[in-house]
Amino acid sequence: MFNTKKQLKNEIEEIELEIKKTSKMIMSTDLVNMKRVMRRLDFVDKNDVPHLKGKVAAGLSAADEVLVTELIFSNFFSDLDAHQIAAVMSCLVYTDNKSEGKPPKDDSLAIPFMKLQETAAKVATVMIESNIEMKKEEYLQKFAPDMMEITQKWC
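This is the structure:
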């Protein structure tokens, strides 16, 4: 009985060690793929030294850091007023899976939303090409416009 218990305990330890090795390998693959994304979007140089874009992304934490950084560095926000910016930002923090995803009726919001979707599509394409597992449609649906008009009126 004691030997059986000891043998089972050793088997459990071996399996746990194998799981740790496998998870490290998976995480290492994800890291390599994400580094590829960062290089392609010019967040880091070929030696993985962060550029300004990389430093900005590292400082963000409330939304999709890569997408927000791309929006900032493409001057997306420069033509928008404060109300439009708040409305667009609502797309990045509002994550209701039951969203209809219909663009706002008001052109002052519909155009920025379409530009947001275009930038998100670009980011998704780079991530997919860099072997990050994701579905482009699901990624784009994360950015729901449902709260845009309410947010703009609230401001």
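Heads up, our numbering is the position in the sequence shown plus 1, with the first residue counted as 1. From the three backbone atoms N, C-alpha and C, an ideal C-beta is built for every residue, glycine too. Note that the structure is predicted; figures quoted are calculated from it, not measured.
The beta carbon of Gln8 is closer than 7 angstroms to none in its chain, skipping five residues each way along the sequence. Between Ser75 and the set Leu18, Met39, Glu150, Glu119, the nearest pair of CA atoms involves Glu119. With respect to the C-alpha of Val33, the residue from His84, Glu134, Ser109, Met148 having the closest C-alpha is Glu134. Here Ser91 is buried. Its C-beta has 16 or more other C-beta atoms within 10 Å. Closest by C-alpha distance to Ala121, out of Asp65, Lys36, Arg40, Glu17, is Asp65. The stretch 132-147 makes no contact with the stretch 44-56, as fewer than three CB pairs between them are under 8 angstroms. Between the alpha carbons of Lys123 and Lys10 lies a distance of about 50 angstroms.
With a cutoff of 7 angstroms on beta-carbon distance, Val94 and Leu42 are scored as not near each other. The criterion of a C-beta distance shorter than 7 angstroms is not satisfied by Leu110 and Met148. Non-local C-beta neighbours of His84 in its own chain, meaning closer than 6 angstroms and more than five positions away in sequence, comprise Gln153, Cys156, ordered along the chain. For Val45, DSSP records a beta bridge to Pro51.
Under the DSSP assignment, Glu150 falls in the alpha helix (DSSP H) whose first and last residues are 149-155.
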